[in-house]
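Put into structure tokens, the structure is as follows:
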């Protein structure tokens with residue numbers, strides 16, 4: 205950019221991303237995700253602008269208040285690996301009463317794949333060993349989301 209130094213140019217370029225991150229962190233402190241609709245709306249904003257598949261863990265207290273939103277992994281355009289150890293560790297460190305798993309489909313189609321079902325089963329089993337229920341797994345694509353709980357898969 206003409207007329208300003210390199211540091212100022214970098215700051216101006218990063219300002220929108222920094223603002224978005226700060227806004228999400230501020231919102232998280234007061235966020236209650238006690239329904240798939242609320243969780244889905246929160247996640248639509250969280251995944252905004254992601255071009256690769258990303259996995260998040262939402263750690264909740266007994267009333268559904270968001271304790272932490274942890275990024276668990278990042279993959280390519282059509283996959284992301286889940287770190288089960290990190291999933292369980294985050295739940296324990298935040299004293300979560302429940303966990304929602306979430307990831308995006310950059311392809312724009314929110315339908316679960318066979319791998320998504322397998323990942324859900326692995327996460328549910330791992331969290332059960334420490335007494336923390338997996339209450340939902342939400343897939344976000346564009347401005348749409350699918351809830352495993354609403355579809356009856358996580359009963």
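In our numbering, the protein residues as written are 205 to 359. Even glycine gets a Cβ: it sits at the ideal position worked out from N, Cα and C.
Using CA atoms only, rank isn't needed, just tell me which of the options is closest to residue i.
{"i": "residue 252", "options": "305, 348 and 358", "result": "348"}
{"i": "residue 330", "options": "265, 350 and 303", "result": "303"}
{"i": "residue 288", "options": "299, 301, 265 and 325", "result": "325"}
{"i": "residue 328", "options": "312, 357, 313 and 265", "result": "357"}
{"i": "residue 259", "options": "208, 341, 355 and 322", "result": "341"}
Determine the extent of the alpha helix (DSSP H) in which residue i is found, giving its start and end residues.
{"i": "residue 313", "result": "Neither: residue 313 is in no alpha helix (DSSP H) and is coded neither H nor E."}
{"i": "residue 244", "result": "240-250"}
{"i": "residue 295", "result": "288-297"}
Round the Cβ separation of residue i and residue j to the nearest angstrom and send it over; I've been treating them as touching at under 8 Å.
{"i": "residue 305", "j": "residue 261", "result": "6 Å"}
{"i": "residue 353", "j": "residue 309", "result": "Not really, about 18 Å apart at Cβ, beyond 8 Å."}
{"i": "residue 238", "j": "residue 268", "result": "3 Å"}
{"i": "residue 322", "j": "residue 263", "result": "22 Å between Cβ atoms; not a contact."}
Check whether the Cβ of residue i lies closer than 7 Å to any heavy atom of the ligand PLP, and answer yes or no.
{"i": "residue 246", "result": "Of ligands this structure carries none, so the ligand PLP is not represented either."}
What is the residue span of the beta strand (DSSP E) that residue i lies within?
{"i": "residue 344", "result": "338-345"}
{"i": "residue 274", "result": "270-278"}
Spell out a yes or no on whether the region 244-258 and the region 286-297 are touching, meaning 3 or more CB-CB pairs, one atom from each, closer than 8 Å. No, because fewer than three Cβ pairs between the region 244-258 and the region 286-297 fall closer than 8 Å, the two stretches do not touch.
Counting Cβ pairs closer than 8 Å, one from the region 266-278 and one from the region 317-331, do we hit at least three? Contact between the region 266-278 and the region 317-331 is absent, with fewer than three C-beta pairs closer than 8 Å.
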